[in-house]
Amino acid sequence: MSLVLGDLKWKCWKNKMKTQDHEPIPEDMYKEHILELYKSPSNFGTLKNLTHEKTEYNSICGDEITVQLFVKDGAVKDVKFSGSGCVISMVAASLLTDKVKGMKVKDIKILKPQEVLNLLKIKLNPGRVKCALLALEAVKGALRS
Amino acid sequence: MKLNNTTAKTLKKDFPIFKNNPGLIYLDSAATSQRPKSVIQAVTDFYEKENANISRGLYTLAAKATEKYENARKVVAHFIGAEKNEVIFTKNTTESINLLSYTISSILPKGKNEILLTEMEHHSNIVPWQQLAKRENMKLRFVKIKQDFTLDINDLKNKLSDKTAIVAFTYVSNVLGMINNVKEIVKLAKQAGALTIIDAAQSVQSLPFNVKEIGCDFLAFSSHKMLGPMGIGVLYGKKELLEKMRPFNFGGGMIKKVTLEDAEWADAPQRFEAGTQNIAEAIGLAEAIRYIEKIGIENISNWEKELLKYTLSRLKEAPGIKIYNPGANNSVSIVSFNLKGIHPHDVAELLNNDGIAIRAGHHCAMPLMEALSVNGVCRASLYIYNTFEDVDALASALKKITEKFNR
C-alpha cells in the first residue's frame, strides 16, 4: 500500500515538476512563410494617388505603420503600407493589404480582428496580438477619416 | 567571497527560482533581480512568527515587529553610509522620486527655476520632474550623451547655472549600463548651489556607495533590483533637509498631534511614512543587504566587470550586431544591443524559445531611444548568479537568430 502511494506521490511530483519546467512558446510564430513575407512583403511602399491615409503606432514596441488607400466607387482599388515594426506587424500588414485590395469599404469596416489573425496561419503569443492588429487599426482609421 | 565562474554557480543554488525553472537563463536582473532563499524566508518568517503592526502596540509581538522594522532601517542606513533617521521607506524608486517631487518645493533654493536632468534617465526620473515644472512654473533642461554612450560633462557644465535649482540624475543608466561620475556631478551641482538627487536603482546592487562621501542631498533606490522583496524602496535625504520638508501622504503614523482642525507632523523619517508600512518587505530588504554584504559589494562589482567583458567579447561575434555600451571600464553588467533588420521584440521572443530571458523595447527611457535614434533595443542584464555559460548560450542563440533571418 505504502509503495503504491509512494509511487503515486512520485508521479504527482513528476507531473508537477513538468508543468513548472520552462515551457518554450512554440517556434511556430517564426515559420518559413512568415519570415519570407517579412523579407519581401506585398504592397510595401506609398501611393501616388490616394484618397485615404492613416498612421498607427504601438508605443510599447515603437512600431509604426502608415496605410494609404485609393478608394473609388465604394471599393479599394489600391493600397500600400509603409513603416517599421516587428515580424508580426509587418507580415500582418502585408497579408491584410492583400486582403482588402478590391474589397468594398462597407465590408472592410466590419472586418473582425479574428479574420486578420487567421490570415497569419500561426499561433500567436498573446503579447503579439496588438502587433498583428496594428495594420487593421490603420486601415479602419483611414477609412473613417 | 571572491566571485568567479565556479563560485557564481554555487551562489546560484541559493536562488530557488533556478531550481523551479530548470534551464532558465535569466538575463533580466536590471528589471528585477532574483531573490535568495534567505530573503524569501525572512519575509515568510515575519508573517509566520512575528506578524504584528508596528509602533504603538504594547504587547511583545508588536514591540518585536517594531524593533525588526527599525533595525531594517539601521541596516539600510549603514549600507549607504547614512544616519538611521535619514532613511525613509517607500514603495520603490519611482515612489521615492515622486515623494521628493511633491515635497521639495519648501526647500528649493530661492530665485532658481531650472531642473537639470540627463538624456539617459528612466521615465521615473523624468515624468515626476515634468509635473513639478508644470506646477511650479520651472524649466527642464537635459544633459546630452556622447557618441561613446557616456554623459557629456561639458554639456552639463554649460547647462548648470545660477538658475539651476535641482540636478537629478542616474548613477547607472538602465539601458547603457553607463556608470556616471557621481562625485564630480554632485561637486559641480553644489558649486552652482543646486539640490542633488541620485537615482541609484541600477547602481546600489552593483557599486559601493556612501552618501556622506559623495555628498548628495537625496538618493532613491528599490529593493527588488538588489535581491530584496518587491514593494519596498528607499529614499535617503539629508536630515536637515528632511526636517524642513512637508509630508507627502497624510494619515496615521506621520503625526505628533491631531486636533479636529489641524495636525502637527512627526519628525523624519516617520513624517514621510503614513499608514501601515511594508514591514515584512523592509525586513526582507535588510536580509538582502546582509546577503550582499556577506559577498562584499566590491566582489560583486568585480564579478560584474568580468561578466561584462566576456559578454561584450562574445556578443561582438554576432553578425550585424550594434552594441550600446560604453565598455567594461565605464559600465555595470548591462548590455543593450540590436541585430540589424530584426525588431528587438522578435529577438526577445526567439531567445525565449531557448529559455533565455532578456528584455526588449524602450526600457522606460523613450528620450534616450530618441537620442540613440532607435525604436527600441534588446537588453541583457547580468548579476551575481550569472555565469559564462549563460553568456555562451546567449551568443549562440543570437547567431542562430541571425542565420534564421538571413537564410
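Quick note, the sequences are listed as chains A and B, same order. Going by numbering that gives the first Met the number 0, the letters in the first sequence line up with residues 0 to 144, in that order. Going by numbering that gives the first Met the number 0, the letters in the second sequence line up with residues 0 to 406, in that order. All residues carry an ideal CB built from backbone N, CA and C; glycine is no exception.
- In the three-state reduction of the DSSP assignment, A285/B falls in the helix class.
- Contacts between N374/B and chain A, judged by CB atoms closer than 9 Å, involve C60, G61, D62, E63, S83 and G84 in chain order.
- Among the CB atoms of chain A, none fall inside 7 Å of the CB of D391/B.
- Counted as a single uninterrupted DSSP element, the stretch harbouring H122/B is not any alpha helix (DSSP H), since DSSP gives it neither H nor E.
- In this structure, the straight-line span from the alpha carbon of I152/B to that of S160/B is close to 14 Å.
- Of the other Cβ atoms in all chains shown, 16 or more fall within 10 Å of the Cβ of G82/A; this residue is therefore buried.
- The Cβ atoms of V66/A and A141/A lie closer than 7 Å to each other.
- Judged by beta-carbon spacing, C377/B lies beyond the 7 Å limit of P325/B, meaning their Cβ atoms are not closer than that value.
- Taking the Cα positions, L175/B is about 9 Å away from I322/B.
- Among the residues facing chain A, D161/B is not included, as its CB has no counterpart in that chain under 7 Å away.
- At a cut-off of 3 residues, the continuous stretches assigned as beta strand (DSSP E) that sit fully inside the region 245 to 312 of chain B are 254 to 257 and 262 to 264.
- Counting only runs that start and end inside the region 18 to 78 of chain A, the alpha helix (DSSP H) elements of at least 4 residues fall at 31 to 38.
- One thing to note: I357/B has its Cβ no nearer than 7 Å to the Cβ of A364/B.
- For secondary structure counted as the beta strand (DSSP E) over 3 or more consecutive residues, the region 215 to 241 of chain B holds these complete runs in sequence order: 217 to 221 and 232 to 236.
- For the 7 Å CB-CB criterion, V78/A and V104/A do not form a contact.
- Listed along chain A are I59, C60 and G61, each with a C-beta nearer than 8 Å to that of G360/B.
- Linking A137/A to I33/A through their CA atoms gives a straight-line distance of about 21 Å.
- Among the residues facing chain A, H77/B is not included, as its CB has no counterpart in that chain under 7 Å away.
- N298/B places its beta carbon 7 Å or farther from that of K36/B.
- Around the CB of F249/B, fewer than 16 other CB atoms lie within 10 Å, so the residue is classed as exposed.
- Between the C-alpha atoms of I291/B and Q204/B there is a straight-line separation of about 8 Å.
- Counting along the chain, the unbroken alpha helix (DSSP H) around T102/B starts and ends at T92 to T102.
- Under the Cβ distance rule, D13/B does not count among the residues neighbouring chain A, no pair being separated by less than 7 Å.
- I59/A is classed as exposed because its beta carbon has fewer than 16 other beta carbons within 10 Å across all chains shown.
- Beta bridge pairing from DSSP links G360/B with V376/B.
- Annotated as proximal: N277/B and G230/B, with beta-carbon spacing under 7 Å.
- Assignment of F14/B by DSSP, reduced to helix, strand and coil, places it in the coil class.
- Taking a beta-carbon distance threshold of 7 Å, D266/B does not count as an interface residue toward chain A.
- Under the three-state reduction of DSSP, L397/B is assigned to helix.
- V74/B is not a Cβ neighbour of A279/B, given a cutoff of 7 Å.
- For H342/B, a Cβ of chain A is located within less than 7 Å of the residue's own Cβ.
- In the DSSP annotation of this structure, the continuous segment of the alpha helix (DSSP H) that includes I213/B starts and ends at V210 to I213.
- Using a CB distance cut-off of 7 Å, D345/B counts as an interface residue toward chain A.
- What L46/A touches in chain B, judged by beta-carbon distance under 9 Å, is nothing: the nearest beta carbon there is about 24 Å away.
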